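The sequence shown begins at 1 in full-length UniProt numbering and counts up one residue at a time. Below you'll find the structure, written out as structure tokens, and then a few comments.
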Amino acid sequence: MSRRLLVTHALPYANGPLHLGHMLGYIQSDIWVRAQRMMGSEVYFVAADDAHGTPIMLAAEKAGVSPEAFIDAMRASHEADFAAFNFSYDNYYTTHSEENRELASLIYTRLRDGGYIARRSIQQLFDPEKQMFLPDRYIKGTCPNCGTPDQYGDNCENCGATYAPTDLINPYSVMSGATPILRDSEHYFFELGKFETLLHDWFAGKLTGGAQVANPGVVAKLKEWLDGGLKDWDISRDAPYFGFPIPDAPGKFFYVWLDAPVGYLASFKALCDRTGLKFDDFLTPDSSAEMHHFIGKDIINFHGLFWPAMLHGAKFRTPTALHVNGYLTVNGAKMSKSRGTFIQARTYLDAGLHPEFLRYYFATMLNDAPVDVDLDLKAFEERVNSHLIGKWVNIASRTAGFVHKFFDGRLAAQFSEEQNELWRVLLSHYEGVPALYESGEFAEAMRRFVLIADLVNGHIAAKAPWVMAKDEAQRAELHQVCSFSLAAFRLLGGLLKPVLPATVAAAEQFLDAPIADFDAACATLHNHTIHAFEPLLSRIDSKRIEAMVEASKESLGTTPEPTVAIKKPARNDSKAMNENTATPPSQDAAVIGIDDFAKLDLRVGKVLACEFVDGSDKLLRFELDAGVLGKRQIFSGIRAAYGEPEKLIGRNVIFIANLAPRKMRFGLSEGMILSAGDGGGDLFLLDADQGAKPGATVR
């Protein structure tokens, strides 16, 4: 029996266009879905716009339209982009739907009746100027765990800690800059702690037949949160709020993070109602179907803790697996509006860049681990031009013409003995490709593609059909060389089909040989007639990439960032002061004298080694050449900003040389490396010109 799969990806928020950072995880999910279909699985791929919450309400107000009109326009924009990038949804929907309202209310009432909902009065931050309670993401302050400034009210991007917004140090309203005040309000809580045993069993694979629910590193992080103690989750928000009202609580609304994941089920429910599928076949606790979620690493706490517990408490099945992707950087750094690297999906398309080029580039970088991916625009151009055009399309363009010129478009009846042996070698490399797609090891699958293509091109180069064509005595061998090459071209098409669906469809039409599944691609096409070859892809012109970057600067980089007048709290109380300043509280630094500065021994260090630290998701271990000071080992919390530490080797950095050594469980840290930014992925190492010698004093 074939597997039955319900597959979703994280829902794009309906307050702005899609950008390439979004597309990383979404493309990963579509590639996996297409591969599963080629493996014979019965797959239903659904998604939706995440359409609720205060940000939507405020954005609609600013645009002068109703929230409903605002989200409808954004959904149309998102669907157009997804269609252009060849996504294969069975249903794309919205969380602002009757199906979602019914399912969210059903899940809530089942949790309430099961004894998993608590009600209590809390003190919540209130903006006295906007006269509304503030959502977590509309409050910023200093992280209570690590002290990083300008962190949002629900979690720290630097250390990953989650907390209540009232835990922030020196909070301020992102909307008005006012210092929030505390007000009492009755809220509804999901008692997550009652599901500790359930979550342990889920992590251990006891609910999934022994299968792991996520990459081991992701599970380890979830267990870390679980072992740290689970807090009740606030699932209600006060009016005004754009969302679904809680059935038994006038004036209260479901927090967007409750109904957003329910939107997966609502989109599937709409599909079931339209097609006659049975919803319960996939969602009951004893279902033999599978449910897979593709998400970014920033939301694993919701999908790995709250979501399975909610489902179980509401008498639905738990997810089969979470497939987690990392962040996208561009040219080695966080996407930047000023540099033109904060690129919208539509800007990419408008520059005339083939959508499947991005799908391929991402595939060459993705594996099972939630690693960050860097879109190096030069490497993108070179890889696409070399792999797809130079290695793959070139096979057909160099051989198909001879088949039509000399053999009426008909392929040979057999291969030579040499080619039969080479074909067996090609199949041996191709054999494991479906398993690589299954496990999310797309990068290795693409490495197999390059390996096979190189073997085929090597055979073509050795036989030189363009030379053989000049000798009528070599016609039979020419026929075999070209026929073998085109069969191999189709084999490679089968490997690439989940990644390049439209391009491979054109190749199938040229060959008049559809590739229904991975096995079908292994046919030798003996005595088969093909159509005339037409170019499938064109090389990337670097000017198109330059135009895309410039267009991103024009549309995003030249418009000033929205600013608010931040009212800085006093150091010892919560009263606002200095009302006319535009400096956030975190930047209220004390004035020091030159003598204080002179106490810091700042030095240049050359990076000799840089690597991930086992057991830490935020640290990198540096070994520095500090000149006369010898070698220094320093642990730096910048892993989120630099996903490929080996690229830092050879760089000059600035470090504090006279900071007291700190004993950590990973080893001794002998200094502090300086960086600039707001924390998390927004950090940039301070550099020194290459002429600066290791150990040189920074003056």
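Just so it is clear, CB atoms sit at the ideal spot from N, CA and C, and this is done for glycine as well. Everything numeric in this text was worked out from a predicted model, so none of it was measured.
Query                                                                                                                                                                                       : Result
Nearest by alpha-carbon distance to A220: which of G177, A73, C482, A369 is it?                                                                                                             : A369
Alpha carbon to alpha carbon, how far is Y530 from R398?                                                                                                                                    : Strictly speaking, residue 530 in this sequence is Ile, with Tyr absent from that position. Roughly 15 Å separates the two Cα atoms.
Using only alpha-carbon positions, find the residue among K647, I656, D113, I545 that is nearest to K599.                                                                                   : I656
Along the chain, where does the beta strand (DSSP E) containing S121 start, and where does it finish?                                                                                       : 117-127
Is V393 helix, strand or coil when you go by DSSP?                                                                                                                                          : helix
Is the separation between the beta-carbon of G671 and that of L659 shorter than 7 Å?                                                                                                        : yes
Taking the alpha helix (DSSP H) that H312 belongs to, which residues open and close that run?                                                                                               : 307-313
Check whether the Cβ atoms of G114 and G313 lie closer than 7 Å to each other.                                                                                                              : yes
Here's the rule: buried if 16 or more other CB atoms are within 10 angstroms of the residue's CB, otherwise exposed. What is D150?                                                          : buried
In its own chain, which residues sit with a C-beta less than 7 Å from the C-beta of F449, not counting the 5 before and 5 after it?                                                         : L492, L495, L496
If you check the beta carbons only, do T109 and A48 fall under 7 Å apart?                                                                                                                   : no
For W466, is the classification buried or exposed, using 16 other Cβ atoms within 10 angstroms of its Cβ as the cut-off for buried?                                                         : exposed
Quick one: is N325 buried, meaning 16 or more other Cβ sit within 10 Å of its Cβ, or exposed?                                                                                               : buried
What would DSSP say about E186, mapped onto helix, strand or coil?                                                                                                                          : strand
Can you pull the DSSP bridge partners for P498?                                                                                                                                             : DSSP, once it has assigned bridges, lists no residue as partnering P498.
Rounded to a whole number of angstroms, what is the C-alpha to C-alpha distance between I343 and A333?                                                                                      : 13 Å
Just to confirm my understanding: we take L648, look at its own chain, exclude 5 residues before and 5 after, and list those with CB closer than 7 Å. What are they?                        : V607, C610, Y642
Taking the straight line between their C-alpha atoms, what separation do you get for Q123 and L230?                                                                                         : 20 Å
State the CB to CB distance for the pair D374 and T329, rounded to an integer number of angstroms; the pair is presumed to be in contact (CB under 8 Å).                                    : 5 Å
Considering Cα atoms alone, identify which of D687, A84, A640 is closest to C159.                                                                                                           : A640
Would you say the stretch 170-180 touches the stretch 85-103, given that touching needs at least three Cβ pairs under 8 Å?                                                                  : no
Please determine, among P319, S336, L134, E196, the residue with the shortest C-alpha to C-alpha distance to S552.                                                                          : S336
What did DSSP end up calling A289 once you bin it into helix, strand or coil?                                                                                                               : coil
Please go through the same chain and pick out, in chain order, the residues whose beta-carbon is closer than 6 Å to the beta-carbon of R651, but skip the five residues on each side of it. : V607
At what residues does the alpha helix (DSSP H) containing residue 728 begin and finish?                                                                                                     : The requested residue 728 does not occur in the structure, where the chain is confined to residues 1 to 699.
Under 8 Å Cβ to Cβ from F203, same chain only, skipping five residues before and after it: list those, please.                                                                              : V213, V219, L222, K223, L226
In terms of residues, what are the limits of the alpha helix (DSSP H) holding T105?                                                                                                         : Note that residue 105 is Ser in the sequence shown here, rather than Thr. Note, S105: alpha helix (DSSP H), 98-113.
Please report how far the alpha carbon of N155 lies from the alpha carbon of Y138, in whole angstroms.                                                                                      : 12 Å
With 16 as the cutoff for other CB atoms within 10 Å, does S77 come out buried or exposed?                                                                                                  : buried
Quick one: measure Cβ to Cβ for Q509 and F415, integer angstroms, because I've assumed they're closer than 8 Å.                                                                             : With a Cβ gap of about 24 Å, Q509 and F415 do not count as contacting.
My output table needs one value for I634: the three-state DSSP class, helix, strand or coil.                                                                                                : strand
Helix, strand or coil for I515 per DSSP?                                                                                                                                                    : coil
Compare the C-alpha of Y44 against each of G25, Y26, E290 and name the closest.                                                                                                             : E290
Exposed or buried, E129, counting other C-beta atoms within 10 Å across all chains shown (16 or more means buried)?                                                                         : exposed
Let me know if I395 comes out buried or exposed under the rule of 16 or more other beta-carbons within 10 Å of its beta-carbon.                                                             : buried
On the three-state DSSP scale, how would you describe G177?                                                                                                                                 : coil
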